[in-house]
Each structure stands twice: as structure tokens, then as C-alpha cells.
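Peer 1: Residue numbers (the numbering used here), protein chains in the order written: chain C, 716 to 1049; chain X, 716 to 1049; chain Z, 5 to 369; chain G, 5 to 369. All C-beta atoms, glycine included, are put in the ideal place defined by N, C-alpha and C. Following this message is one structure expressed as C-alpha cells.
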Amino acid sequence: MIKAHQTHEATMVDALNLALKHALAEDENVVLLGEDIGTNGGVFRVTEGLKDIFGVRRIMDTPLAETIIAGMSVGMATQGLRPVAEIQFMGFIYSTVEHIVSHATRLRNRTRGRLTCPLVIRAPFGGGIHAPEHHSESTEAMFGHIPGLRVVIPSSPVRAYGLLLSAIRCNDPVLFLEPKRVYRSVKQNLVDNGEGLPLDSCFILREGNDLTLISWGAMIQETLQAAAALEKQYGISVEVVDVASIKPLDSATIIESVKKTGRAVIVHEAAKTYGPAGEIIARIQEEAFFHLRAPVGRVTGFDIPMPYFKNEAIYMPDIQQIVEQAQTTLQQGQ
Amino acid sequence: MIKAHQTHEATMVDALNLALKHALAEDENVVLLGEDIGTNGGVFRVTEGLKDIFGVRRIMDTPLAETIIAGMSVGMATQGLRPVAEIQFMGFIYSTVEHIVSHATRLRNRTRGRLTCPLVIRAPFGGGIHAPEHHSESTEAMFGHIPGLRVVIPSSPVRAYGLLLSAIRCNDPVLFLEPKRVYRSVKQNLVDNGEGLPLDSCFILREGNDLTLISWGAMIQETLQAAAALEKQYGISVEVVDVASIKPLDSATIIESVKKTGRAVIVHEAAKTYGPAGEIIARIQEEAFFHLRAPVGRVTGFDIPMPYFKNEAIYMPDIQQIVEQAQTTLQQGQ
Amino acid sequence: MKNNAQTEIAQFKILREEYLNAKGELVNPLPSDITPALLVQFYKHMVYARTFDQKAIALQRTGKLGTYPSALGQEAINTALGMMMKEKDVLVPYYRDHSTRLIRGTPARDLFRYWGGDERGSLFSNPLNVDFPDCVPIATQLSHAAGIATAMKIRNAPFATVTTCGDGATSRGDFYEALNLAGVWQLPLVAVVNNNRWAISVPFSKQSKVQTIAQKAIAAEIDALQVDGNDPIGLLTCFNRALKKARDHKGATLIEAVTYRLGDHTTADDARRYRKDQDLESAKEIEPMIRLRLWLTQNNLWNDDLEQQEIMDCKNRIQQEVQAYLDTPPQVADDFFNYVYEECPAELENQKTFAREKFNRLSPH
Amino acid sequence: MKNNAQTEIAQFKILREEYLNAKGELVNPLPSDITPALLVQFYKHMVYARTFDQKAIALQRTGKLGTYPSALGQEAINTALGMMMKEKDVLVPYYRDHSTRLIRGTPARDLFRYWGGDERGSLFSNPLNVDFPDCVPIATQLSHAAGIATAMKIRNAPFATVTTCGDGATSRGDFYEALNLAGVWQLPLVAVVNNNRWAISVPFSKQSKVQTIAQKAIAAEIDALQVDGNDPIGLLTCFNRALKKARDHKGATLIEAVTYRLGDHTTADDARRYRKDQDLESAKEIEPMIRLRLWLTQNNLWNDDLEQQEIMDCKNRIQQEVQAYLDTPPQVADDFFNYVYEECPAELENQKTFAREKFNRLSPH
Ligand SMILES: Cc1ncc(C[n+]2csc(CCOP(=O)(O)OP(=O)(O)O)c2C)c(N)n1
Ligand SMILES: Cc1ncc(C[n+]2csc(CCOP(=O)(O)OP(=O)(O)O)c2C)c(N)n1
Ligand SMILES: [Mg+2]
Ligand SMILES: [Mg+2]
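Pasting the structure below:
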């Protein structure tokens, strides 16, 4: 009997909730832990209702202590569980860095495969929701540098569902960053069919020939709109790549696109210096140098702490910045 | 009366010790804290003898707790002290990341200048001394991404002396990473004259016209030797830039050099992906794209945890790798 | 359960101090240094704090303020602290200490600015104030406070460092590392826990198995005490004693003040999702303002007229602060770049120039 | 110091358990489950552990091993733990637990490999063993252990998780966060502190003001006990009781075992820089092997012949292990890439290819 899968008009929050529910149902080793994720369903409601279905042994409200949330996840993961830990905001992830750098990502290598660490750390990230200080971080670059870690960032409900399922099933530690700015602002038709998406692929969201725009997470919204504007207003054919997996980085897809277009602009919300764009640029010029007709452009956050919310717009890269940088990049090396 | 300054045949450990002694003597607000830095003089003896001169109120053996070493340094710094904290090895710095990212680097901005945070965190870093796991980290890129932080790395005794003095006098938080592989292997004539070196400049260690080699820290040794070999064996004229201040990054000096040579190779011990080279490459191609005759090359560590010491040589970039990459870069785009 | 091979080598006890109970009755005699005038003053501070609180919530509801954490029901702790601290003591607060900060001279307009998303709220109108701004990453302030107390110790300064946190914060490593340091270095530190029983949706029974938060100080061998966090007299007395001890460099104190969070965690929270109505209702009966007013009234120190007058007065003062807040001129682009470092480095200077244009585009003046 | 307004609301005491004193005398009767045969076994394990230790130091001195932390004088703690743990209990050790690991079936060759800079030392020859490898970042293992204990709790598994750390480690946040979790979740955890009085050069009096490390458990409301860390009988008894309690899911225990680090911190350290000779000399008199041998000898369970024979036997066994260690074939380049992820991603595959060539160049076989 073929089970018909339910279709949902889903926000990213819905999609994540469905993915968690699916993963919890399909594998009893999946457990969730974090602050306020049980009775309260998470401050963004991503885990809403799960405690009622799966019980307090699998949906664990932890004490307010991120270090041990990460550390105990490492311990649990080595015993065959698949912990999915929520860090309430990425701004509170820093005290977990030691467990990520020194243990989660090294246990397999340290024991030559005897112990493994299949854990997922979920954290809402990025700005744009008018939250207090420390609630708007985008420091994925710091984590992209850690050998042994996967860093995954969905840009839409459908991708959130598939990528989270794959992250939970993956036997490597995964940092799963959720662009909270689009938690509820975008809806998509979602089939709850339990199908994962690959963790090692960029996704081409739009094809084009003149310029490649590369982005991920919430910035995909502005990037797509900038692409549409460039096409509409100036007749420029823009390809848009959603990086999705920051690490490992699928440079093949990016390189191929840039070889075709000869021009690229990278858009990210993270601060510029030593930000994620650097690596992507390094690879592009390493592998497609002689195809490049202009320097790869960057549209990024500034090298400043995120302004408090009244002025966060000054920080957030916007459509106009992307359009202008695209135009500059198109003019260079004519 | 002109005070004659003493000249020393100094290792980097000696130079750091002299700089600390000078800073402690010139400003009573300078205090040192860390594990084993007092009676024991630090596990590498950088603080040797200082407790006897300046007393336990200024040279503080702390409990074994890095988080509070960083956190209390933040507190002290806001009260007009100039704490210089030692983290025994960079591998144990991760639990301090929260205080660095969320507080040390933000207090000035958060209070619009009312509170400042003039602290230095010193940590020996890098591999090559046959130490146990976690004693060979090179994760400066993670810190280079943090707005408000300075990241400084000396490559020689003379530079260690001058840069540390400036770091202590600086009113910004500074992460001062000491390449322990060259702690004792290089000696230089050092004048203990209290003169600082600029924290916002790269240093040209060798001039040349065909190729720019860019590096910092201990890797400067291999880089200089590779430069000499390239010149001697192949008649290639190599310029060597010691980045010294990873952040803020003096790209002007780098760009100028690359505009002259048209070719560059970056050498660092840190893992490759999202490593420091990315940002340098991004800036080179942004500002000198049409001067570049070949892609900027990278000679770096692999994207793996540092192998245990028996095999650390497989990880550490060596002279031959630099020479080979230089040759490749010189051949490209001929 | 002790067997014969075991000998007792250390023992500890935790005390709780109480004066004014929920019915406004003194269960222990009024300490001589707590004058009636002081308690009238206390009450007035709480009226002001609650007026501020209500206004902040109202501003948030009308889109004029961001997420705001109400201190409803917890005003006594903050007020007592504000009243007992001296100017040169340093406060390292968390985000629910409005009353302490108001009493220490930070005007309400600054607090509104802060919660309105403007960094200048932490600049503080009083430039001599070296208090820390509110701390968002839970418990990290305890480490900063330990550092400030260390500075006082190094300089032999006769001041105290005061830090506060919630009950949830006592689960984090920073809390213990700071207490441990305060113990071994005998730091002039007073750490106050606002045990309002909830950390967002998590009741304290899920944070820790301890009977009291005060006993966590035993792990650091520092003095500790539990006090009724709704009892103004107990709070004034305990804080005063601990502050004096700190200023004399006679050691640190942990004070657990047990109260109840009558409001939502913040304006972004809905406590009805996780909290029983009846828990809330019974907590309302023990809140601090009712009991102090009862006592003051019974002692002819307060009456309905004074109450009306005080409320009116506070509303007026707060209204002026609101106006000053709303009249705050906007920041300029440079403000976001000029304080990242002491001097703006070259790479940031370029970005600043770019940001100026963007700022003009976004909000042309 | 209690004033009249204070009432006692909680009290705690710390006990210390002792049987065999430094003179080899029983100060309390031998518990019925500690048989003479068990104590002979205990002694033999310590001989083996010390033989291993001496050999490791010798190998380090001749350049055949890296930095190595001797457990000299602290063998009783590790041995008792190894003897009382069951196979399916999980050990989350720190770097000074050689004897525990040897008893649990990790052959000395693996330990030599690990300290010789070869990752395969933590692969463990016994593939069923899910014990953690040695933990270098101080105190982080306690959090891992809490997670493993949580897994046991979720599955209702009748096993205990055992973790160890030094006295210095009890200053770190991880230590407290883990104990707090163990308390509130009633985890099947036994945490053992090897209080050898030093953290490299820092004496415990500079780590904390506490009278006992055991009292730190009060902050988590879990059971705790201090035991003489050189008393084999006390250690066996306390560990056994705590392990049973954990396996029954009746709660966690913190055990402070007080001993003394007779050697340098590691072979890279020189304790004479910071430690008085006379402290060391008096500590030598209380170390565990002397006292157990005295008792065994007095009870005709041991004699010089057996001693010689055992030492010889251990030396031979260790020599074989050394040989196996020295004969370990080198790793290949792929080994450093194949375990970073479950499958080597494309970007790493390229680096692996490059590394193979480099490896051949560096060490052509
Ligand atoms: C490190 C960190 N983790 C999580 C949060 C999100 N958060 C904000 S307040 C809060 C609960 C704090 O509870 P408590 O310490 O009891 O203080 P209260 O708010 O009840 O006064 C949480 C989890 C944070 N601010 N910092
Ligand atoms: C987080 C961290 N900080 C610093 C170190 C360096 N270090 C190694 S051992 C040690 C002292 C540990 O003392 P203790 O916990 O008492 O254990 P012992 O070595 O005495 O058995 C230090 C500081 C480390 N390994 N990890
Ligand atoms: Mg609370
Ligand atoms: Mg020790």
C-alpha cells in the first residue's frame, strides 16, 4: 500500500517541525534537547507539540547551560543516539565552541572510527527581526573553518525540510543554521515524504549567462529579487547559486557557473573580513582564473557589531547594494 | 642623561619576557594573569621572574578556568587596568570565545565609548613542537572574523618585543598569538628600548619583483628559505611580506607588492578552507585584479585535525611545497 | 546513613532571613538602621519602577520599544540594591534590574533608549558612572564582576562590586567559575540571584535539584544567605551587610532572593503556554508592594492620598522621560564605526564612507 | 553568627571514609566484600601500573615517546576504579588514568601508541570497548560523561558512566554544569576527582577556598564523599557503592580521592621549580603501594619472593607491549583524511591525493 504523503502550505518553522517529527518517528535514537524546547515548543515554536508526541525522555528541556548542551550531545552521540540540540540563538553558541572544535569534530578521527559523533546543533541565526543585542549573529565563517564539521544553511521551507532530515541522518556533526528572518515570511508547498536533500551540493535557483550571484540563507531573498530586477531593468541574465552547504563547500557547481558567466558577486550577511566569501573567492580564482572577466564582488555586512535593532537596516545588505555591485562587476573588465 | 638601552641576544621567549617587564615597569595598570604564570614562570617561561619583581598582585596565577580568565580580564580592563592574560595553549582558547566575541570586542561600541577594554590575550599557537593533541592549533582565522578585535602574530624576537609592547599599550582588545615553534629556535639582537611596532602594518622582509610570498608567524621561516631557494636555484626575485597583523589587515602593503609582482602565494599553517588566505585573496583580486597574471596560490595546512605529533610533518607546510607552488604560480598565465 | 568508617569533616548550613511577611506583619523586629523614612523611600522607588515598567510595556505594544523584560513583582530586590549601593560601588547588572539602575542615576530615557534599540542607552547620561550596561548572554556578567572586584582588590579600593542574575543563570559555568574565584581571592563581590522561579518557560525545579540556590556558594566556600525577595526589610539588611563586608575586603557573599516573575518573560513571551494561572494568582498575593504598603499604612506612614499623589507624580516624571526618549535625535552612520576600535582602521574607514551613503539612502534627513 | 531573624533552612555535611592508614594498619574493620584475594589482585595491578609508568618515562627520555604524565603515587585510585567497574559501564577518563584503562582491557601498547603520537592508540584493540579516549582539554570530559549517562537513562540501561578529573579541573565551568545536570536528571554518573594537590605548578589552595572538593557536589545536590586516595580499601568500597547506586539509577556521586602527585606534572615539567622537597618527601610516606604491601605482608599474603616475581613478570609483560608498540607499522597518509568525515568529501579527497605524495616524499618506504 502506498502511503500518500501529506502536502502542507508550510513556513520554514512548519517545515523544520515536520522534519523533526519525521526524524523522531523514523528513528528512536533521535532525541531533541535545548532550552525551552519542550513545554514551550521553542521560542520560535520549531519544536512545538513534539514533547506531547514523543515524551520528555526524547524532547528534553535542559538547564540554561549551552556548554553542557553541546558537551552532553557529544557524549550521547557516541552511544548511538542522534541528538539534535537547539541553541536558542546563534549569539549564544560561543560557549559551545570548545566542544565543537575539540571533540564533536574530532572523536571519529581521534579514535580512527571507533567512536562517532552524529549530532546536529540547530541555531536560528542572522538579523532582521528587530531583536535585542546578540540575537542577530551570522558567524558561520568561524565554523566553516573547523575540520570535520558540516555547516548547513537552508534558504526556504522545502530546503529546510530536506536538509534537516539529511543532517539528522548524517553520521557527521552538523551545525544547522536557520535564517530566522525567513522563519515565517515565506511559504511553500511541502510534501512530508521523508526525503532528504544532499548535504554536499549547492543549488542553482535561477539560470543565467551574464553574472553569477552566490548567496545562502535569508539573503537568498534579496539576491533573487536583485536578479529579477537586473534582468527586468537592464536585461542582464543572472544565475543564482544557493550555497546551502557552507562546509564542505561544493565548489564544483560554483566554478562551473562562473566559468559560464565569467563574473560573480557573493552576497552574505556576515561581516566582510575573513567572512565566508573569502574562501569562495579563493576557489573561484584558483580554478576559474582565466575565465574571470572581472574581480569577484562582495556584498556583505560591515566589520562592526550588528547595530541595535533601530538601525539594523544600515547593516543588512539590501537589494540595491546587490544591484549596484552587480553593475560594477559587469562594467569591470569590459 | 641618556639612558643606554641594553642589547640582548634574544630568543622570542626572551623578547616577550623583556617586553612584559618593560610594560609592567612603565605602567602600574598592567597586570598579568593566567595558569602557571607566576611561580612557574609559564610553561614556556615567558613570564619567568616577573612575579619576583612585580609581586602576586600584578602577576596572578589563576584557577584553571579559561572562561573566567577572559571574563575577568574584560572586567578588569573596564576599570583602567591593562590585563595581559595568558592562555596556556591556543587549543584551550575556545571556551573564551564568548567573552571575546560578545563582550571584549563590543564594550566600547556598546557604551559608545564610555567603557573600554584594553586587554591582551596571549597564546602560544601552531604546531611543530611534538606536543600532545590540542597543543598545535592555528585558528587565527576564526578570530580574524570578529569585529573589534585585533589579531597580532610576531614572526621573530624583535617583532615579538615591539608588537607586544604596542598590543599592551593599545586601547583595543588584542589577541596576541605566539608561534611557539620559533620560541627558542631563532635569536636576534634586541635593544630593550621600549619602542613599539605598529599594529596596522605588514612588514616587507625581502624585496623582489617576480613573485610575492605572503605569510606570518613561524611559517615566515620556511617562506624566507623558499624565497632564498627560488632566487638561488631559479633566479626568481621574490618579495616576502610578513602580515604580522592579521586584523585589521594592512592590505595596502600587500596590494602594492602584488601590483608590482603580478603573482602571489600565501603560506599559512592554518587549515585551508575558510582559512586566513581567503580574505587576503579576496582583497588582492578586488584591488589588483588587472595586475594579477596568475591566480593567487595557497600553501596551507589540510582541512583535517592536526595529526598527532608522530605525523605532524605531513600537515605542516614545508619549503618544498612553497617552492613548488611558487613555480606553478609563475608558470600560470605566462 | 553514615557508616562506621566515615567521619564528618565539614558541615554547612543555609540560613534564611525574614522580617516583613506577605501580610505586612513584622515577624522579626525592625533592625535599627532601617528607619521608617527609608521604607517610605523604598515604597516610592517601587512605585516609580512599576510606573516605568508599565510604560515600557505600553510603548512596546504600540511599536515604540523593542522586546522588553518586565520586572513586575521583583521590584523589591532591585530597589533594595539601588538604595544600599554607594556611588563608587560598581553594578554589573543583568536585564531585569531597572529599578537599581534608575536609583543609581541612569535616567529612564536611557533605559528606554536601550530597549528601543539605541546603543546610546548604555552611554549613560552620567559620565562618571562606570556601571556595566545590561548583560544579555546569561551569566557572563558574573565573570566581568569578578574582574572588577579583582581590580578593586589590586588597588585596595574600599568599594564593592555587585552583580545580579536570574535563577536560570546559576546553571551556567560562568556563575560557578566566578564564585570560585571570589572565594579563593576573597574578592569584594556581592552576587545577587533574582530567583523568580522561571527561566523563560523552565521552572527552577528543572534547572537544578538544589533546595536553595544559596547553597551553590558552598562550592566556593563563600558566605551565602537566602532572603525573601519580596521583603524590603530583609533585602535592605542582607545587602547592606554583604556590601559592607565586601568594602572591608572581608569576602564575597551570594544572596538568593526568592521572588516570583509575575509577568511574561519578556514582551515576546506568552507565559500562559507553560504556567498555571493558579500559580500566578497565588504569587500575586506575596508580591512586595502590597505588603510594604500595608505596613506603612498601619504605621500611619502612608495613605490613599499619598498613593494617588505618588502615582501621579511618577507618571508625570515618566512621561517626561518618554518624551525625552522619543525626542532623541537619530544616530548617524559614523556612530556605528567610530567605537569599534579606538581609532577607525583603514579598512573600516572605507566601509564607513560607504555606510554614510547607504544611511542617507535609507533615511534621508 | 546567626541573628534572630535567620532560620536554618538546609544543612549539609561531608564525610570521609578510611580503612587502611599509611602505616598499613586497618583503622576500621575490613568490609566483608573486600576479600584478601581482591587486595592481592589490587597490589598486582599497582605493580603493573607502576612498571608501565616507569617504562613510559624511560621511553620518553630516550625519545621513543612524547610528553607523558606519570601517575606515580596515584595508582590506587585508578586501580580501584578499574577493578570495580563492569564491562558495560563506560569510562570517560582524563590523561592520568593509565591503570584503570589497563585493567579495562586496553593493552599497554595502545597507551604507548597514544603517548607516542599515534591516533591508533585510541582505536583500542578491543573493538567492543566504548570507553572514551583520554581527554586533554581539562574538565570537558565531565560534560561528555553526563551525555553518556543521559543515554543510559533514556534507555533505562543498568550501567554506570564513570568520569575522572584532577583537582584543577574542578575550577572549570564544565565540572559544575555536568554535576548540576547529573543532580537534576538523576544521572547514573560517578565522578571521581584525583585530588593530587597540584595542577601543574598551582597548589590546590590557589584553585579554590573549599575545605573539600567533595562539598562542590552540594551545589548540585548530589551525594559526595571524600576518601583517602591512597587507601585501596576505602577506594574499592566507595567506588563500588557509588557504581551500584548509579546502575540502579538512584543518583550520581562525586568522590574526592585525596592523594599526591609524586612525579612531575608530565615529562615536560620540572616540579622542583615550584615544589618544596620536603612536601614531596612527606608525601612519599603516605603513598598507596607501601601501605598495601605492609598489610599484605603482615597478613602473610605477600612476601619478598612474590614481590620479586611479580615485578619480573610485569617487566616482561611490559617489555612485550613495548615491542609491540615499537613494531607498530606506520600510518599511511589516507589515515589522516579518512576519519574526518564518514565519507571523505570532494574537497578533502583532493588534499588526500596531494598528501599521499607529500607523505612519500617525507618518509619514503
Ligand atoms: C547564554 C544565553 N543563553 C540563552 C539566552 C536566552 N535567554 C534569555 S533570558 C533566558 C532565561 C533566563 O532566566 P533567568 O536566569 O532565570 O533570568 P530571568 O529572565 O528569569 O530573570 C534565556 C534562556 C541568553 N540570553 N543567553
Ligand atoms: C582547558 C585546558 N587548560 C589548560 C590545559 C593545560 N594543562 C594540562 S594539565 C593541567 C593541570 C591539570 O591539573 P589537574 O586538573 O589537577 O590534574 P592533574 O594533572 O594534576 O592530574 C593544565 C593546566 C589543558 N589541558 N586544558
Ligand atoms: Mg528566572
Ligand atoms: Mg592535580
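So which residues put a beta carbon under 7 Å from any heavy atom of ligand 4, going in chain order?
Peer 2: My final list is 170/G, 171/G, 172/G, 198/G, 199/G, 200/G, 201/G, 202/G, 203/G and 265/G.
Peer 1: Would you say residue 17/G faces chain Z, with C-beta separation under 7 Å as the test?
Peer 2: On the fourth sequence, residue 17/G is found 13 positions in, with the first residue counted as 1. Answer yes: the Cβ-Cβ gap between residue 17/G and chain Z drops below 7 Å somewhere.
Peer 1: Can you give me the Cβ contacts of residue 899/C inside the same chain, cut-off strictly under 8 Å, excluding the 5 residues immediately before and after it?
Peer 2: The residue you call residue 899/C lines up with position 184 of the first sequence. The residues are 726, 727 and 728.
Peer 1: Tell me which residues share the same chain as residue 184/Z and place their Cβ nearer than 8 Å to its Cβ, disregarding the 5 neighbours each side in the sequence.
Peer 2: Position 180 of the third sequence, counted from the start, is the residue given in the question as residue 184/Z. For residue 184/Z, where only same-chain residues beyond five positions count, the Cβ hits under 8 Å are 223 and 224.
Peer 1: Can you check whether the CB of residue 59/Z is closer than 7 Å to the CB of residue 322/Z?
Peer 2: What you label residue 322/Z is simply residue 318 of the third sequence in a count that begins at 1. What you label residue 59/Z is simply residue 55 of the third sequence in a count that begins at 1. Yes, the Cβ-Cβ distance between residue 322/Z and residue 59/Z is below 7 Å.
Peer 1: Please list the partners that residue 262/Z has in chain C, where partner means a Cβ-to-Cβ separation under 7 Å.
Peer 2: If you number the third sequence from 1, residue 262/Z lands on position 258. Residues of chain C whose Cβ lies closer than 7 Å to the Cβ of residue 262/Z do not exist; the shortest such Cβ separation is about 18 Å.
Peer 1: Quick one: what's got a C-beta closer than 8 Å to residue 716/X's C-beta in the same chain, skipping five residues either side?
Peer 2: What you label residue 716/X is simply residue 1 of the second sequence in a count that begins at 1. Reliability of the predicted coordinates at residue 716/X is poor, the pLDDT of 47 falling under 50, and the value obtained from them is presented with this limitation in mind. Counting only Cβ-Cβ distances below 8 Å, and skipping sequence neighbours, we find nothing.
Peer 1: Considering only the alpha carbon of each residue, which of 335/Z, 255/Z, 95/Z and 8/Z lies closest to residue 157/Z?
Peer 2: Along the third sequence, read from residue 1 onward, the residue named residue 157/Z stands at position 153. Of the candidates 335/Z, 255/Z, 95/Z and 8/Z, the one whose C-alpha sits nearest the C-alpha of residue 157/Z is 255/Z.
Peer 1: In angstroms, rounded to a whole number, what distance separates the CA positions of residue 284/G and residue 266/G?
Peer 2: Numbered from 1 along the fourth sequence, position 280 holds the residue referred to as residue 284/G. Numbered from 1 along the fourth sequence, position 262 holds the residue referred to as residue 266/G. Those two C-alpha atoms are separated by around 7 Å.
Peer 1: Can you list the residues of chain Z that residue 989/C reaches, using a CB-CB cut of under 8 Å?
Peer 2: Locating residue 989/C in the first sequence gives position 274, where the first residue counts as 1. None at all; the shortest Cβ gap to chain Z is about 11 Å.
Peer 1: Please give the ranges of any alpha helix (DSSP H) in the stretch 911 to 953 of chain X, keeping only runs that are unbroken, at least 4 residues long and fully inside the region.
Peer 2: 934 to 949
Peer 1: Just checking residue 1024/X against ligand 2 - is the residue's beta carbon closer than 6 Å to any of the ligand's heavy atoms?
Peer 2: Within the second sequence, numbered from 1, the residue matching residue 1024/X stands at position 309. Checking the Cβ of residue 1024/X against ligand 2 gives no.
Peer 1: By the three-class DSSP mapping on this structure, what secondary structure does residue 836/C have?
Peer 2: Position 121 of the first sequence, counting from 1, holds the residue named residue 836/C. Looking at residue 836/C - three-state DSSP - the assignment turns out to be strand.
Peer 1: Does any CB atom of chain C fall closer than 7 Å to the CB of residue 124/Z?
Peer 2: If you number the third sequence from 1, residue 124/Z lands on position 120. Not closer than 7 Å to any Cβ of chain C, the Cβ of residue 124/Z fails to qualify, so no.
Peer 1: Would you mind sorting residue 10/G into buried or exposed? The rule is 16 or more other CB atoms within 10 Å of its CB.
Peer 2: Looking up residue 10/G in the fourth sequence gives position 6. Buried is the call here.
Peer 1: Answer yes or no: the CB of residue 277/G versus the heavy atoms of ligand 1, is any distance below 6 Å?
Peer 2: Position 273 of the fourth sequence, counted from the first residue, corresponds to residue 277/G. No, the beta carbon of residue 277/G sits no closer than 6 Å to any heavy atom of ligand 1.
Peer 1: Answer with yes or no whether the minimum CB distance from residue 180/G to chain X is below 7 Å.
Peer 2: Working through the fourth sequence from its first residue, we reach residue 180/G at position 176. Not an interface residue.
Peer 1: Determine whether the Cβ of residue 1026/X lies closer than 7 Å to any Cβ atom of chain C.
Peer 2: As a first step, residue 1026/X is located in the second sequence; it is residue number 311 there, counting from the start. Nearest CB-CB separation between residue 1026/X and chain C: not below the 7 Å threshold.
Peer 1: Compare the beta carbon distance of residue 1014/X and residue 973/X with 7 Å and say whether it is the shorter of the two.
Peer 2: In the second sequence, counting from the first residue as 1, residue 1014/X sits at position 299. In the second sequence, counting from the first residue as 1, residue 973/X sits at position 258. With respect to the 7 Å criterion, residue 1014/X and residue 973/X are not classified as neighbours on the basis of their beta carbons.
Peer 1: Is the closest heavy atom of ligand 1 to the C-beta of residue 1061/C under 6 Å?
Peer 2: The first residue shown for chain C is 716 and the last is 1049, placing residue 1061/C beyond what the model contains.
Peer 1: For the stretch 925 to 938 of chain C against the stretch 742 to 758 of chain C, do three or more pairs of beta-carbon atoms, one drawn from each stretch, fall closer than 8 Å, so that the two count as touching?
Peer 2: Taking a cut-off of 8 Å for Cβ pairs, the stretch 925 to 938 of chain C and the stretch 742 to 758 of chain C do not touch, as fewer than three such pairs fall below it.
Peer 1: Using 7 Å as the threshold, is the C-beta distance between residue 966/X and residue 921/X below it?
Peer 2: Here the question's residue 966/X lines up with position 251 in the second sequence. Here the question's residue 921/X lines up with position 206 in the second sequence. No, Cβ-Cβ distance for residue 966/X and residue 921/X is not below 7 Å.
Peer 1: Nearest to residue 293/G by CA position, among 37/G, 84/G, 38/G and 274/G, is which residue?
Peer 2: Taking the first residue of the fourth sequence as 1, we reach residue 293/G at position 289. The option with the nearest alpha carbon to residue 293/G is 84/G.
Peer 1: Taking DSSP as the reference, what is the three-state secondary structure of residue 114/G?
Peer 2: Numbered from its first residue, the fourth sequence carries residue 114/G at position 110. In the structure shown, the three-state DSSP call for residue 114/G is helix.
Peer 1: Got a sec: does ligand 2 put a non-hydrogen atom nearer than 6 Å to the Cβ of residue 100/G?
Peer 2: In the fourth sequence, residue 100/G corresponds to position 96, counting from 1. Yes, ligand 2 has a heavy atom inside 6 Å of this Cβ.
Peer 1: So, is the C-beta of residue 796/X closer than 7 Å to a C-beta in chain Z?
Peer 2: To locate residue 796/X, count along the second sequence from 1; it is residue 81. Cβ-Cβ to chain Z under 7 Å: yes for residue 796/X.
Peer 1: How many Å lie between residue 331/G and residue 63/G at the Cα?
Peer 2: Translated into positions along the fourth sequence, residue 331/G becomes position 327. Translated into positions along the fourth sequence, residue 63/G becomes position 59. Residue 331/G and residue 63/G: Cα-Cα distance of roughly 14 Å.
Peer 1: Please tell me whether residue 346/G and residue 177/Z are closer than 7 Å, where the distance is taken between their beta carbons.
Peer 2: Reading the fourth sequence from its first residue, position 342 is the one you call residue 346/G. Reading the third sequence from its first residue, position 173 is the one you call residue 177/Z. Their beta carbons are not under 7 Å apart, which means residue 346/G does not touch residue 177/Z by this criterion.
Peer 1: Kindly examine ligand 1 and report whether one of its heavy atoms sits closer than 6 Å to the Cβ of residue 1020/C.
Peer 2: The residue given as residue 1020/C occupies position 305 in the first sequence. Because no heavy atom of ligand 1 lies under 6 Å away, the Cβ of residue 1020/C does not count as near it: no.
Peer 1: Taking the straight line between their C-alpha atoms, what separation do you get for residue 793/C and residue 111/G?
Peer 2: Sequence index remark: in the first sequence, residue 793/C carries index 78 (1-based). Sequence index remark: in the fourth sequence, residue 111/G carries index 107 (1-based). Distance between the alpha carbons of residue 793/C and residue 111/G: 22 Å.
Peer 1: How many Å lie between residue 769/X and residue 20/G at the Cα?
Peer 2: Residue mapping note: residue 769/X aligns to position 54 of the second sequence, counting from 1. Residue mapping note: residue 20/G aligns to position 16 of the fourth sequence, counting from 1. Residue 769/X and residue 20/G: Cα-Cα distance of roughly 41 Å.
Peer 1: What residues in its chain sit with their C-beta under 7 Å from that of residue 117/G, if we drop five residues either side in the sequence?
Peer 2: Along the fourth sequence, read from residue 1 onward, the residue named residue 117/G stands at position 113. Residues 124, 125, 329 and 332 of the same chain have their beta carbon placed closer than 7 Å to that of residue 117/G, with the five preceding and five following residues left out of the count.
Peer 1: With H, G and I counted as helix, E and B as strand and the rest as coil, what does DSSP make of residue 748/X?
Peer 2: Mapped onto the second sequence, residue 748/X falls at position 33. In this structure, residue 748/X counts as strand in the three-state DSSP scheme.
Peer 1: If we cut at 7 Å on Cβ distances, does residue 787/X have a partner in chain Z?
Peer 2: In the second sequence, counting from the first residue as 1, residue 787/X sits at position 72. Answer yes: the Cβ-Cβ gap between residue 787/X and chain Z drops below 7 Å somewhere.
Peer 1: How many angstroms separate the CA atom of residue 952/C from the CA atom of residue 358/Z?
Peer 2: Sequence index remark: in the first sequence, residue 952/C carries index 237 (1-based). Sequence index remark: in the third sequence, residue 358/Z carries index 354 (1-based). Cα-Cα distance, rounded: 27 Å.
Peer 1: Quick one: Cα of residue 1036/C to Cα of residue 846/C, how far?
Peer 2: Taking the first sequence and counting its residues from 1, one reaches residue 1036/C at position 321. Taking the first sequence and counting its residues from 1, one reaches residue 846/C at position 131. Each residue's Cα considered, the two are about 23 Å apart.
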